[in-house]
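Residue numbers (full-length UniProt numbering): 1 to 249. Using N, Cα and C, we set each Cβ at its ideal position, and we do this for glycine too. These notes are about the structure you will find just below.
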Amino acid sequence: AAHGQSSEMVDGKGEGDGGKGGAPGGEGHPAGPSSHLSAALEAVGATVASADAQGEKTFTLVFTPDVAIRAAQKGVEDADVGDLVRGVDASVSRLWRDELARRDVTLIVSATHAPFTVQAKNLVTLPEDVYACLEYASLAPETTSSGETTGHLSAGRYTFLRCLPGLHSQLEASWHAHTVLRDNFLLLPTNDAAAEGLFGPEQPLVKIRPRLGDYIALAISSATLVTTETASAAAAVDTAAAAATAAAA
Numbered sequence: 001a002a003h004g005q006s007s008e009m010v011d012g013k014g015e016g017d018g019g020k021g022g023a024p025g026g027e028g029h030p031a032g033p034s035s036h037l038s039a040a041l042e043a044v045g046a047t048v049a050s051a052d053a054q055g056e057k058t059f060t061l062v063f064t065p066d067v068a069i070r071a072a073q074k075g076v077e078d079a080d081v082g083d084l085v086r087g088v089d090a091s092v093s094r095l096w097r098d099e100l101a102r103r104d105v106t107l108i109v110s111a112t113h114a115p116f117t118v119q120a121k122n123l124v125t126l127p128e129d130v131y132a133c134l135e136y137a138s139l140a141p142e143t144t145s146s147g148e149t150t151g152h153l154s155a156g157r158y159t160f161l162r163c164l165p166g167l168h169s170q171l172e173a174s175w176h177a178h179t180v181l182r183d184n185f186l187l188l189p190t191n192d193a194a195a196e197g198l199f200g201p202e203q204p205l206v207k208i209r210p211r212l213g214d215y216i217a218l219a220i221s222s223a224t225l226v227t228t229e230t231a232s233a234a235a236a237v238d239t240a241a242a243a244a245t246a247a248a249a
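Written as structure tokens, this is what we have:
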């Protein structure tokens, strides 16, 4: 870093050091921020205070996957997810109130993405004639840390497609022949996506460009592309839930 300036990343990784008591949504509660995040926010306060005392400038970044992990495991409608978000908000508010507000500091809070639950009826699998044109499609099923498939939770909203040589026109024709694909997804050539700035203000690095494939399928509705296995798992979850509800009635 230049003289008089510093840059630091504080990693609030990890999720769920809870179960140690405390108010719901607060530190120590299973639905509250992890101790990793709490420690990271404390480190931010210390870093800013130190830089301020020495007349220096600092840029400090804190990242936490807590919300994304919990939403992927339980779905965004789960009460624990809401408690976690409110707990994170309270922790950041305390950091601002107790450490940052009295200093010449700008605090920016942002989300890397917005998780939400996709219902089983909105899961879409690629038809065989589309698959036949592809070398690769980024349709990996989501799994939990224990290796169990999460069903219809945390499905991706965009899919990278790599076409077999010479089949680009056939892929586009097959794609648009299926109403479910045509009406719910935008099939965009990757070069066009890059030109529109979907990967950022600069063009993707040449060395990573092959990973982006030939097309990106962007969801424009609540429909989401998944593997056949993921769709089947989601249907099984819904069937079991319906059966349990009927048995309890």
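Item to check | C-beta atoms of Val237 and Leu123 nearer than 7 Å | outcome: No; because the gap between Cβ atoms is not below 7 Å, this pair is not in contact.
Item to check | Whole-angstrom C-beta distance between Val67 and Val85, which should lie under 8 Å | outcome: Confirmed, about 6 Å.
Checklist entry - Are there 16 or more other CB atoms within 10 angstroms of the CB of Glu99, so buried, or fewer, so exposed? => result Buried: at least 16 other Cβ atoms inside 10 Å.
Checklist entry - What are the boundary residues of the beta strand (DSSP E) that includes Ile216? => result For Ile216, the enclosing beta strand (DSSP E) has its first and last residue at Tyr215 to Ala219.
Checklist entry - What number of angstroms, rounded off, separates the C-alpha of Cys163 from the C-alpha of Arg103? => result Looking at the two C-alpha atoms, the distance is approximately 54 Å.
Checklist entry - Shortest alpha-carbon distance to Gly87 belongs to which of Ala234, Leu41 and Thr245? => result Per the Cα distances, Leu41.
Next on the checklist: Checking the sheet assignment: what are the DSSP bridge partners for Thr245?
Outcome noted: Answer by DSSP bridge pairing: none, since Thr245 is not bridged.
Item to check | Where the alpha helix (DSSP H) through Leu181 begins and ends | outcome: Under the DSSP assignment, Leu181 falls in the alpha helix (DSSP H) whose first and last residues are Thr179 to Asn184.
Checklist entry - Among all the DSSP beta bridges, which residues are the ones paired with Tyr136? => result For Tyr136, which the question treats as bridged, DSSP gives the partners Arg162.
Checklist entry - For the candidate residues Ile69, Val76 and Asp214, whose alpha-carbon lies nearest to that of Ser169? => result Of all alpha-carbon atoms in Ile69, Val76 and Asp214, the one lying nearest the alpha-carbon of Ser169 is that of Asp214.
Next on the checklist: Taking the alpha-carbon of Leu181 as reference, which of Arg211, Leu126, Ala43 and Leu95 has the nearest alpha-carbon?
Outcome noted: Closest by alpha carbon: Leu126.
Next on the checklist: Which of the three DSSP states is assigned to Val88 in this structure?
Outcome noted: It is helical.
Next on the checklist: Quick check on this structure: which residue in Arg157, Val48, Leu134 and His178 has the alpha carbon closest to the alpha carbon of Leu167?
Outcome noted: Closest by alpha carbon: Leu134.
Item to check | Whole-angstrom distance between Val118 and residue 314, CA atom to CA atom | outcome: Past the boundaries of the shown model lies residue 314; the chain is included only from 1 to 249, so the question cannot be answered.
Next on the checklist: Taking 6 Å as the limit between beta carbons, can you name the residues of its chain near Asp52, skipping five residues before and five after?
Outcome noted: Cβ within range, chain order: Arg103.
Checklist entry - Which value, in whole angstroms, describes the spacing of the CA atoms of Ser50 and Pro201? => result Going from the Cα of Ser50 to the Cα of Pro201 covers about 34 Å.
Checklist entry - Are Ser232 and Asn184 touching if we call contact CB-CB under 7 Å? => result For Ser232 and Asn184, no; Cβs fall outside 7 Å.
Checklist entry - Does the distance from the C-beta atom of Thr47 to that of Thr60 stay below 7 Å? => result Taking 7 Å as the cut-off, the beta carbon of Thr47 is found closer than this to the beta carbon of Thr60.
Item to check | Proximal residues to Ala244 (C-beta, below 7 Å), its chain only, five neighbours per side dropped | outcome: Within the same chain, Ala244 has no close Cβ partners at all.
Next on the checklist: Taking the alpha carbon of Gly55 as the reference point, which residue from Val105, Ser174, Leu186 and Ile216 has its own alpha carbon closest?
Outcome noted: Nearest of Val105, Ser174, Leu186 and Ile216 to Gly55, Cα basis: Val105.
Item to check | As assigned by DSSP and simplified to three states, the class of Pro210 | outcome: In the structure shown, the three-state DSSP call for Pro210 is helix.
Checklist entry - Taking the DSSP output, what are the residues bridged to Thr224? => result Partner(s): Leu123.
Checklist entry - In this structure, does DSSP put Leu107 in helix, strand or coil? => result In the structure shown, Leu107 adopts coil according to DSSP, grouped into three states.
Checklist entry - Can you tell me whether DSSP reads Leu198 as helix, strand or coil? => result In the structure shown, Leu198 sits in coil (DSSP, three-state: anything other than H, G, I, E or B).
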